[in-house]
Amino acid sequence: MSKLRDILQYLFTQVQERKRRKLLHVLVTLARLGRVASFSKLSTVAKVPRTSLWRYLRELQDLELIEYLGQGVYRLRYLTPFGYMAKLREPYLYIGLLGRKLWHSEPEPKVAIRRLKESDIYVAKAIILTSKEATESWNSTELSNFELFLLDAQSLYDTEHVAKLVSNLVEKYSNEYIVIGDCTSGPRPAGIALYSTLRYVYYSPVIYLREEDMQLIWL
Numbered sequence: 007m008s009k010l011r012d013i014l015q016y017l018f019t020q021v022q023e024r025k026r027r028k029l030l031h032v033l034v035t036l037a038r039l040g041r042v043a044s045f046s047k048l049s050t051v052a053k054v055p056r057t058s059l060w061r062y063l064r065e066l067q068d069l070e071l072i073e074y075l076g077q078g079v080y081r082l083r084y085l086t087p088f089g090y091m092a093k094l095r096e097p098y099l100y101i102g103l104l105g106r107k108l109w110h111s112e113p114e115p116k117v118a119i120r121r122l123k124e125s126d127i128y129v130a131k132a133i134i135l136t137s138k139e140a141t142e143s144w145n146s147t148e149l150s151n152f153e154l155f156l157l158d159a160q161s162l163y164d165t166e167h168v169a170k171l172v173s174n175l176v177e178k179y180s181n182e183y184i185v186i187g188d189c190t191s192g193p194r195p196a197g198i199a200l201y202s203t204l205r206y207v208y209y210s211p212v213i214y215l216r217e218e219d220m221q222l223i224w225l
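If you want the numbering used here, it's the position in the sequence shown, counting the first as 1, plus 6.
Quick look at the structure:
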């Protein structure tokens with residue numbers, strides 16, 4: 007089975023633009039239909055001629071982006087990034103960073119998830135890349151809803167290491183969740199690695215909280 011990053015790189019860089027738009031239209035429609043749909047339902051909703059749809063579905067199967075379940079039914083294999091393209095509200099996997107508490111009254115990832123909810127984006131799972139020193143500056147109850155990945159300082163400043171970790175997380179969870187990243191907190195090199203991996207490898211959304219008013223910014 008190919009990795010999602012390789013599939014997406016081929017789709018977005020090697021497939022001719024006009025064909026890519028048509029393939030993405032089918033993928034987004036499948037996402038909006040709950041990931042599983044019959045050929046006839048997909049043809050009706052996507053408004054694609056049956057002969058053309060058959061050809062697109064075969065190509066998407068060859069790319070390993072969809073699978074055939076039998077009896078004319080197809081399933082979208084990955085929610086990332088197609089769930090975001092379909093403007094689905096859930097389920098999202100939040101990948102963020104966390105620095106030391108300093109002057110902050112609450113963890114920035116907690117604020118970000120709240121801001122996303124206010125925008126009708128619902129986070130089902132939150133993974134935070136941080137350090138032992140950073141977590142010790144916070145009350146444990148403030149971090150209880152996060153899955154923490156503890157890295158040493160050297161690793162957090164190693165962009166290749168962080169990029170690989172983020173890539174592994176996306177590959178692991180892309181079939182269950184729509185991945186969204188947040189590069190607000192933590193060391194800048196880690197934020198750059200998080201942003202570049204999600205935006206340019208997995209074509210996924212990344213956010214940032216503006217420091218002065220904690221306004222949500224889409225990058």
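Every residue, glycine too, gets a C-beta built ideally from N, C-alpha and C.
Item, Value
"Nearest neighbour of residue 112, chosen from 141, 131, 58 [CA to CA]", "141"
"Residue 9 (DSSP reduced to helix, strand or coil)", "coil"
"Endpoints, the alpha helix (DSSP H) within which residue 60 is located", "56-68"
"Residue 157 - DSSP class collapsed to helix/strand/coil", "coil"
"Length of the line joining the Cα atoms of residue 185 and residue 71", "16 Å"
"CA-to-CA distance, residue 188 to residue 215, given in whole angstroms", "8 Å"
"Straight-line gap, residue 213 to residue 120 (C-alpha atoms, nearest Å)", "13 Å"
"7 Å Cβ shell around residue 217 - same chain, five flanking residues per side excluded", "none"
"Length of the line joining the Cα atoms of residue 64 and residue 136", "42 Å"
"Touching by the beta-carbon criterion (3+ pairs, under 8 Å), the segment 90-105 and the segment 31-47", "yes"
"Cutoff 6 Å; reference residue 190; Cβ partners in own chain excluding five residues on either side", "114, 214, 215"
"Beta-carbon gap between residue 192 and residue 105 smaller than 7 Å", "yes"
"Local Cβ density within 10 Å of residue 51, reported as buried at 16 or more and exposed below that", "exposed"
"Where the beta strand (DSSP E) containing residue 140 begins and where it ends", "Per DSSP, residue 140 belongs to no beta strand (DSSP E); it is in the alpha helix (DSSP H), 138-142."
"Cβ pair residue 86, residue 210 closer than 7 Å", "yes"
"Residue burial classification, residue 223 (beta-carbon count within 10 angstroms, cutoff 16)", "exposed"
"Euclidean distance between Cα positions of residue 175 and residue 132", "11 Å"
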